[in-house]
Each structure stands twice: as structure tokens, then as C-alpha cells.
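Right, one structure below, let's go through it.
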Amino acid sequence: MQIHPTAIVDSRARIAEGVIIHPYTIIGPDVEIGEGCEIGPHVVIKGHTRIGRNNRIFQFSSVGEDCQDKKYKGEPTYLEIGDDNVIREACTIHRGTVQDHALTKIGSRNLFMVNSHVAHDCVVGDDCIFANNVGIAGHVKVGNSVIVGGNSGIHQFCVLSSYSMVGGGSLILKDVPAFVMVSGNPAQAAGMNFEGMRRRGWTSETINNLKRAYRIVYRQSLTMEEAIRQLEQDLLPVCPEVGLLIDSLKSSSRGITR
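With our numbering as the guide, the letters of the sequence shown map in order to residues 41 to 298.
Given below as C-alpha cells:
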């Protein structure tokens, strides 16, 4: 371990080998930090917070703080962060509330750019990118490989399903289905992230089937039940990826962004 002498690290904190802690950082007693992490200067990490391996947290971030919720009365709640995440300057990530599962959970290989906020009880998957000044309200669920443009706000309890994309400066008030791109204030659907699919090496057949799926949901004036039925009958047998879109439509409780 390399802990700068000006850092304040509680003796009860569990700090693994190879962790670097820079000047003036404060680590609380219930914090666990995994191997290979680097914690920048002037960072505060507190509460029941468990951080995995090889994460990098930049200066002035606040990780594991009490949530900004009037229901919170000091109960023990938790934050779990996976591996290989980059948390840039001045990000804030808060623990959960007992009214939900008392847990905020972040996966692995995510990038949180400057001044991002992840509120209480959020669940974030893997390989997501949150650009500068993104605000994610309480109880939001984010899938894998989601991109959120800068200065966007996500309303509480919304779901951003896997491979979706939010344009910069957007306000998300309803769920965003898998693969779908949205933008605006309030946000509206603007197609699917086909360029991202190509960069991942997806086949043209898969991309064309997802284009058909988008038209079924958004362009044929069908009810949600009718659209799901047509997706299941016409596309799911030949394109398993459509199943992720179907699941996100079926599980939406707020309605989808259109």
C-alpha cells in the first residue's frame, strides 16, 4: 500500500495490497478497497462501501455518502462497486435506503465523467459511459453498455435497458428500451444505436432484424401488446437479440420513451 501521510484512513478500513491513496483523502471505518485501486487526493469514501479491484477514483469525489432522501434516518445501508471502473473528478455516489434494498450497486468497467451523480438505490451494469454532469436519480436501473450524454437527467425509478443511448442534454421521464436511442427534453426516441452495433462487430443480419424490430414498436401504430406479439412471432425465432428488447418492453412499469 502507498498511503500518503496526510490521508486519514480509519484503522478498521480494509485496504488491499497495491492500493494507492493520495493526499488529504478520508477513508471511513466500514470501507473495503480491493487490490490495485488508486484513490486520488481530496476523496471521501465512507459508509458500508465495498470497492472491487483496479478502480480509479479522481479528486474531490464523494463515494458512499448518506443519501439525499428525507426517508433516510441513519440506517446501515450499502454501496458495492465492481472492478476496473473510472470515477472522474467531483463524482458523487450515494448508498441505498431501507425502503428499497438498502443497496446502491455498480458493476465493472464503467466510466463516470466529471461531476456525475448516482443516487441512492441505483443499479448500474457493466461497460456504461456517463458523460459530464449526468444526474441519475434514486432507484434508477441501468443495464449494460449504456451511454448517457452530458448534462442529461434521469428521473427516479426509470430503467435504461442494455445498449441504449441517451443524447446530451436530455431529460428521461420514462423507460428506454434496449438498443434504443433517445434525446430531447423531454426525451423522444430517435432510432437505435446501429453504429455502436457495427463497432461491436454485430452482423448485418442482426442489425437489419433490429431495424425491423424498431419499426414494429415505433412506426406501425401498434399497441404494446400487439408489438410484442409480432416481435415474438416474426423476429425472435431468427434473432435472439430481439429477446432483450422484448424483455425491456414487458418489464417497463413507467411506459417507454416514444
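Ideal Cβ placement from N, Cα and C applies to all residues, glycine included. The structure displayed is predicted, hence computed values, not measured ones.
Cross-strand partners of Leu119 (DSSP beta bridge): Note: Leu119 sits in a beta bridge opposite Thr89 and Thr144.
Should Glu75 be labelled buried (16 or more other beta-carbon atoms within 10 Å of its own) or exposed? With fewer than 16 other Cβ atoms within 10 Å, it is exposed.
Contact under 8 Å by Cβ, Arg294 with Lys181: No. Outside cutoff.
DSSP puts Met221 in a beta bridge; with which residues? Paired residues: Met205.
Whose CA, out of Phe197, Met237, Trp242 and Gly241, lies closest to the CA of Ser292? It is Phe197 whose Cα lies nearest to the Cα of Ser292.
Would you report the Cα separation of Val282 and Asn95, rounded to the nearest angstrom? Roughly 33 Å between the two C-alpha positions.
Sheet register partners of Thr132 (DSSP bridge): DSSP output for Thr132 lists Ser102 and His157 as bridge partner(s).
Can you check whether the CB of Thr46 is closer than 8 Å to the CB of His88? For His88 and Thr46, no; Cβs fall outside 8 Å.
Taking the alpha-carbon positions, what's the Cys77 to Met264 distance? If I take the Cα positions, the gap works out to 45 Å.
Within 10 angstroms of its Cβ, does Arg2 collect 16 or more other Cβ (buried), or is it exposed? Outside the displayed range of the chain (41 to 298) lies residue 2, so it cannot be described from this structure.
Leaving out five residues on either side along the sequence, give the residues of the same chain with a beta carbon under 6 Å from the beta carbon of Val257. Taken in chain order, the residues that qualify are Ala267.
Top-ranked residue by Cα proximity to Ile212, from Thr144, Arg128, Asp166 and Val199: Nearest C-alpha to Ile212 among Thr144, Arg128, Asp166 and Val199: Val199.
Beta-bridge partners of Met232, as assigned by DSSP: Within the DSSP secondary-structure output, Met232 pairs in a beta bridge with Val220.
CB contact flag (Ser192, Ala218, <8 Å): Cβ distance not < 8 Å, so Ser192 and Ala218 don't count as in contact.
Around the Cβ of Gly104, are there at least 16 other Cβ atoms within 10 angstroms (buried) or fewer (exposed)? If you draw a 10 Å sphere on the C-beta of Gly104, you find 16 or more other C-beta atoms in it, and that means buried.
Neighbour-count burial assignment, Lys251, 16 or more Cβ in a 10 Å radius: Counting Cβ neighbours within 10 Å, Lys251 comes out exposed, since fewer than 16 surround it.
How many Å lie between Leu284 and Val164 at the Cα? Answer to the nearest angstrom: the Cα atoms are 17 Å apart.
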